[in-house]
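Numbering (our numbering), first residue to last: 4 to 139.
Following: one structure in structure tokens, then a few remarks.
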């Protein structure tokens with residue numbers, strides 16, 4: 004039951020109002036996703052904020068992407084619309100930022116390969132292939 008409470012944290016993820024520092028928020032989002040096995044309700048603001056989080060806290064954001072997209076989404080089977088929101092380009096932008104950062108590049112490439120290699124579910128993440136092609 005505790006896990007359910009933390010899943011609701013998605014409503015608090017918001018950088019538009021300037022209340023939270025992006026690095027601070029990235030750490031809290033990662034900690035929340037660790038407690039919920041990558042599951043989150045109301046992921047709209049997470050997706051929208053992903054590029055800012057990637058810029059401010061690349062290692063945290065890479066772990067957020069792994070937890071949310073892979074562990075909660077691909078493996079958890081509960082994220083109904085992982086990649087079909089109006090802000091899908093924000094995930095791509097965040098992955099591009101992570102891939103250009105020397106401290107997260109190798110792990111970003113590995114995560115993209117894991118996401119696109121997941122059988123039928125991998126097709127969802129094919130837009131990320133361009134990151135691997137453009138930055139070999």
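The beta-carbon is built from N, C-alpha and C at its ideal position, and this holds for glycine as well.
These numbers come from a predicted model, not from an experiment.
Taking only the alpha-carbon atoms, compute the straight-line gap between residue i and residue j and give it to the nearest angstrom.
i, j, result
"residue 112", "residue 69", "12 Å"
"residue 55", "residue 97", "8 Å"
"residue 41", "residue 114", "15 Å"
"residue 17", "residue 76", "21 Å"
"residue 74", "residue 64", "14 Å"
"residue 118", "residue 30", "22 Å"
"residue 47", "residue 57", "16 Å"
"residue 109", "residue 33", "19 Å"
"residue 25", "residue 120", "30 Å"
"residue 133", "residue 107", "17 Å"
"residue 19", "residue 91", "18 Å"
"residue 88", "residue 36", "Note that residue 88 scores 48 on pLDDT, short of 50, meaning its location in the model is unreliable and no value can be drawn from it."
"residue 38", "residue 128", "24 Å"
"residue 49", "residue 126", "22 Å"
"residue 45", "residue 15", "9 Å"
"residue 116", "residue 78", "15 Å"
Quick test of your reading: residue i and residue j, contact by CB under 8 Å. State the CB separation rounded to the nearest angstrom.
i, j, result
"residue 142", "residue 53", "No answer is possible for residue 142: the residues shown for the chain start at 4 and end at 139."
"residue 130", "residue 95", "6 Å"
With 16 other CB atoms within 10 Å as the buried threshold, where does residue i fall?
i, result
"residue 105", "exposed"
Using 8 Å as the Cβ pair cut-off and three pairs as the minimum, do the segment 57-71 and the segment 93-101 touch? yes
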